[in-house]
Amino acid sequence: RGELIDALQKLEILFEPAQQISYLFVEKQSARLKFLTERMEIWLSNYIEDEEQVEDIQEAIEIIENLTQLLDHHYEVQNDTVVINNSSKKGISHSRQNIMKYLETHIPLLTLSKDGLHYLNKIILDQSVSNTIK
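Under the working numbering, residues 341 to 474 are what the sequence shown spells out, in order.
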């Protein structure tokens with residue numbers, strides 16, 4: 341019974357269509373980021389040789405930037421798509437922060453940091469790798 345009360349206190353209902361669309365946006369971005377980070381070890385070990393891997397890493401960086409901006413910027417919904425207004429910061433949105441917490445958006449980022457750090461370190465310290473690739 342206590343667990344039910346705790347769960348109900350954490351419950352957040354999204355009534356507004358804009359909130360629902362932002363939820364779906366975060367859900368889609370989180371799923372894609374999770375997929376990309378699961379491939380991370382392959383990426384980073386082949387990073388220097390494979391141009392496609394660079395595109396995957398750039399996509400992951402773009403997703404991380406989108407999610408970060410969504411936390412503290414105003415956004416609009418246009419044609420069922422979230423458009424982030426980069427010029428107007430408003431402070432961290434607690435409802436979007438709760439959405440990201442519920443969807444465990446942080447897990448792929450922690451996985452990427454934990455599992456990929458030794459590969460990144462190897463690439464950064466390798467003198468034969470050009471600064472452009474680094």
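Beta carbons: idealized from backbone N, C-alpha and C, even for Gly.
Given the structure is predicted, the values throughout are model-derived calculations rather than measurements.
Straight-line Cα distance separating residue j from residue i
{"i": "Ile361", "j": "Asp466", "result": "44 Å"}
{"i": "Ile464", "j": "Arg341", "result": "53 Å"}
{"i": "Gln398", "j": "Thr408", "result": "15 Å"}
{"i": "Leu373", "j": "Leu344", "result": "31 Å"}
{"i": "Gln359", "j": "Lys350", "result": "17 Å"}
{"i": "Ile401", "j": "Leu452", "result": "11 Å"}
{"i": "His446", "j": "Glu395", "result": "22 Å"}
{"i": "Glu292", "j": "His434", "result": "Since the first residue of the chain shown is 341 and the last is 474, residue 292 is not available in this structure."}
Whether residue i touches residue j by CB criterion (8 Å)
{"i": "His413", "j": "Ile424", "result": "yes"}
{"i": "Phe375", "j": "Val422", "result": "no"}
{"i": "Gln369", "j": "Asn419", "result": "no"}
{"i": "Ile300", "j": "Tyr363", "result": "Outside the displayed range of the chain (341 to 474) lies residue 300, so it cannot be described from this structure."}
{"i": "Leu410", "j": "Arg436", "result": "yes"}
Span of the alpha helix (DSSP H), counted from its first residue to its last, around residue i
{"i": "Lys441", "result": "His434 to Tyr442"}
{"i": "Thr451", "result": "His446 to Leu465"}
{"i": "Ile361", "result": "Pro357 to Glu378"}
Identity of the residues DSSP links to residue i by a beta bridge
{"i": "Gln398", "result": "In the DSSP output, where bridge partners are listed per residue, Gln398 has none listed."}
{"i": "Gln429", "result": "Note that residue 429 is Lys in the sequence shown, not Gln. Partner(s): His413."}
{"i": "Gln418", "result": "Thr421"}
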